[in-house]
Each structure stands twice: as C-alpha cells, then as structure tokens.
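Colleague: I'd like to ask some things about the structure below.
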C-alpha cells in the first residue's frame, strides 16, 4: 500500500531555533498534503492544507509565519517551525492524498509522526 | 459547523469481552467516516471506513462499525477484545467542507483491555 514517511521521527532543539520536518509520499504523487498537531492525550488538530505549487491554507488560529509550509514537489511537503518555543513541543503528523487514485476520500495516508521537543 | 464527538474518553474492558466505542458527528454536507487506531508514539492506522453502500463495514483486527444516518452515528464494535487492542481510537469524518477537503477527528477514546 501507499506509504508516507516523515523525517525526523524525533527532534530536540533549543528555544529560538528553527526546525524543519519533511513529509514524503514514497510510492505515489500527492497534490495535497495535510499537517496535524497532536498534544499528549489529545486528538489531531488540522494545522494547514499544503497544495503543490501554491500557498498553504492555514486553519484559523494557526500562525502562518511561525509554521512555514512548502510543497515544492508532488512527493514532498515541509513544515518549518520557526523560532521554536517550549509550547511548540508536540507530535506533528502529516498525511497525503494519492493523486493517482479515483477522486475519493479514502486515499489519504498518514505519516508516522514527528515528536518535537523544544527545550 | 462540522464536529465529531466521541462520547467516551476511556473505556476499560476485560479481555475477551465485547466492546463498543461510540462516535457521533454533525455536518451540513455528506461525509465519509473512518476509524483509526493509534499506538503510543506512532501514527494512525486505518481500521475501517464507510464511503457508501452497506451501512455495516468490517475492518481489520476483527473490528466493525455501523453507519446510522438518522442518528448520525458510526459506532465501532468488536465482539471479543485482546490485550493487544489497548490503544487510542479516533473517529474521523472527511468531506469537502467550506474551504476544501478536510478530515476532522474526534477527541479519541482510550481503550484499555484488562487481563
């Protein structure tokens, strides 16, 4: 089946630094990728929708200047947490929709997540 | 506005007992329904989905769910649970909402299977 990878799986950084997280669709093309954030013992909250070749669409309350999203190719989207602070510590999960599949909503595949810890 | 409500935050159950995890949704558009399982520090694994057709859907690991349109529910069931089923379960709906295609998740239900 389709596979979505994320890199790194875990990252620890100092407050004030920036961190980049990659989301790749390994065996399919994805025009749309989604970024979610999950706090401990909570649900996934959609942060933004990433569209290849265009600007990302951010959900209400998500700072676009803090969470920079780039979807430069059909297989790669990146999330950069700029000037990270401890409150940005979270589990970040991406998902991708398969361009090649019929236009159905069952073709969304999730990555394994990235655990970000900001000291 | 659309929403997904998982009525139980935690469900403790003994091994080999049946279990039901409840999910209700609210939406002004037609939705597709999913159940995912998440083990600690891992991503999501799709258990089952309802897109159309038969309202009773069967998934992996012996789970099944029934779509009830009139009650806007999509409860997950398993007739006999195992210790290995201990995990977090998320109900989700996907649709073309205002602003584009999105998936909305419920708050999750922690299933804890006891020996």
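Residue numbers (our numbering), protein chains in the order written: chain A, 1 to 119; chain B, 1 to 115. Where a beta carbon is used, it is the ideal one built from N, C-alpha and C, also for glycine.
Just the Cα atoms here: how many angstroms apart are residue 77 (chain B) and residue 16 (chain A)?
Modeller: Translated into the one-based positions of the second chain, residue 77 (chain B) becomes position 77. Translated into the one-based positions of the first chain, residue 16 (chain A) becomes position 16. So the two alpha carbons sit approximately 46 angstroms from each other.
Colleague: Taking Cβ-Cβ distances shorter than 8 angstroms, what residues in chain B pair up with residue 115 (chain A)?
Modeller: Indexing the first chain from 1 puts residue 115 (chain A) at position 115. Result: 41.
Colleague: Taking the alpha-carbon of residue 14 (chain B) as reference, which of B:85, B:46 and B:54 has the nearest alpha-carbon?
Modeller: Along the second chain, one-based indexing puts residue 14 (chain B) at 14. Among B:85, B:46 and B:54, the Cα nearest to that of residue 14 (chain B) is on B:85.
Colleague: Kindly indicate the opening and closing residues of the beta strand (DSSP E) around residue 12 (chain B).
Modeller: As a first step, residue 12 (chain B) is located in the second chain; it is residue number 12 there, counting from the start. Residue 12 (chain B) -> beta strand (DSSP E) spans 10-14.
Colleague: Just confirm the distance between the C-beta atoms of residue 36 (chain B) and residue 92 (chain B), as a whole number of angstroms; I'd bet it's less than 8 angstroms.
Modeller: Numbered from its first residue, the second chain carries residue 36 (chain B) at position 36. Numbered from its first residue, the second chain carries residue 92 (chain B) at position 92. Rounded, the Cβ-Cβ distance is 6 angstroms, consistent with contact.
Colleague: Is there a Cβ from chain B that is less than 9 angstroms from the Cβ of residue 37 (chain A)?
Modeller: Sequence index remark: in the first chain, residue 37 (chain A) carries index 37 (1-based). So no, residue 37 (chain A) is outside the interface.
Colleague: Cutting at 6 angstroms between CB atoms, please list the residues of its own chain near residue 70 (chain A), excluding the five before and the five after it.
Modeller: Counting from one through the first chain, the residue named residue 70 (chain A) turns up at place 70. Result list for residue 70 (chain A): 78, in chain order.
Colleague: Within 10 angstroms of its Cβ, does residue 104 (chain B) collect 16 or more other Cβ (buried), or is it exposed?
Modeller: In the second chain, counting from the first residue as 1, residue 104 (chain B) sits at position 104. The residue is buried, with at least 16 neighbouring Cβ atoms inside 10 Å.
Colleague: In this structure, how does DSSP classify residue 62 (chain B) when only helix, strand and coil are distinguished?
Modeller: Looking up residue 62 (chain B) in the second chain gives position 62. Helix at residue 62 (chain B).
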